[in-house]
Amino acid sequence: MRGRAFAWLNLAYRFALHVLALPVRALRGGRDAERFLGAVLPEGHVPLEPAEREAYPAFMVCIGCGLCSLACPALREAPASAWAEAWTFVVGPSRSIDRAALANASAGACTRCGECAAVCPTGVPIPTLAAMVHRLAAERA
639 MRGRAFAWLN
649 LAYRFALHVL
659 ALPVRALRGG
669 RDAERFLGAV
679 LPEGHVPLEP
689 AEREAYPAFM
699 VCIGCGLCSL
709 ACPALREAPA
719 SAWAEAWTFV
729 VGPSRSIDRA
739 ALANASAGAC
749 TRCGECAAVC
759 PTGVPIPTLA
769 AMVHRLAAER
779 A
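My numbering puts the first residue of the sequence shown at 639, with every later residue one more than the last.
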């Protein structure tokens, strides 16, 4: 019983410290964000823009069916590579955005015509994803 009471008191104490620190953190004016960016930017991670962050869940519904590859006129002329398929372009960044540099090889050919998005059974906004991947790859270079 004594250990349980101590645990509750410790929890209450830590919670009080957290609540009292909130106004202090708010007054710091973004130093936490600067510290975070200082840690991740050297590793090549580029933050998403607010509009990209809102659109990102729509990219995650790709099922890898490959219909976008069949519909894409730009990929017909693209050189053959592991990333020169629209569905690998969509599946790759939607699962792991750190592959933007690899996916940009096929995204560079993208004309944003929207034919791929028109045939997508899950409604992935592929031209929006192509623009985002192009921006991320350019900022990492």
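The beta carbon of each residue, even a glycine, is placed where N, CA and C say it ideally should be.
Of all C-beta pairs linking the stretch 663–674 to the stretch 762–770, fewer than three are shorter than 8 Å, placing the two stretches out of contact. Secondary structure at residue 770: helix, using DSSP grouped into helix, strand and coil. Looking at the backbone, the Cα of residue 647 and that of residue 754 are separated by about 58 Å. With a beta-carbon spacing of about 15 Å, residue 776 and residue 750 fall beyond the 8 Å limit used to define contacts. Between residue 679 and residue 654, the alpha-carbon positions lie close to 33 Å from each other.
Rounded to the nearest angstrom, the gap between the Cα atoms of residue 747 and residue 757 is 19 Å. In this structure, residue 766 sits away from residue 712, with a CB-CB distance that is not shorter than 8 Å.
Going by beta carbons, residue 681 and residue 770 fall outside the 8 Å limit.
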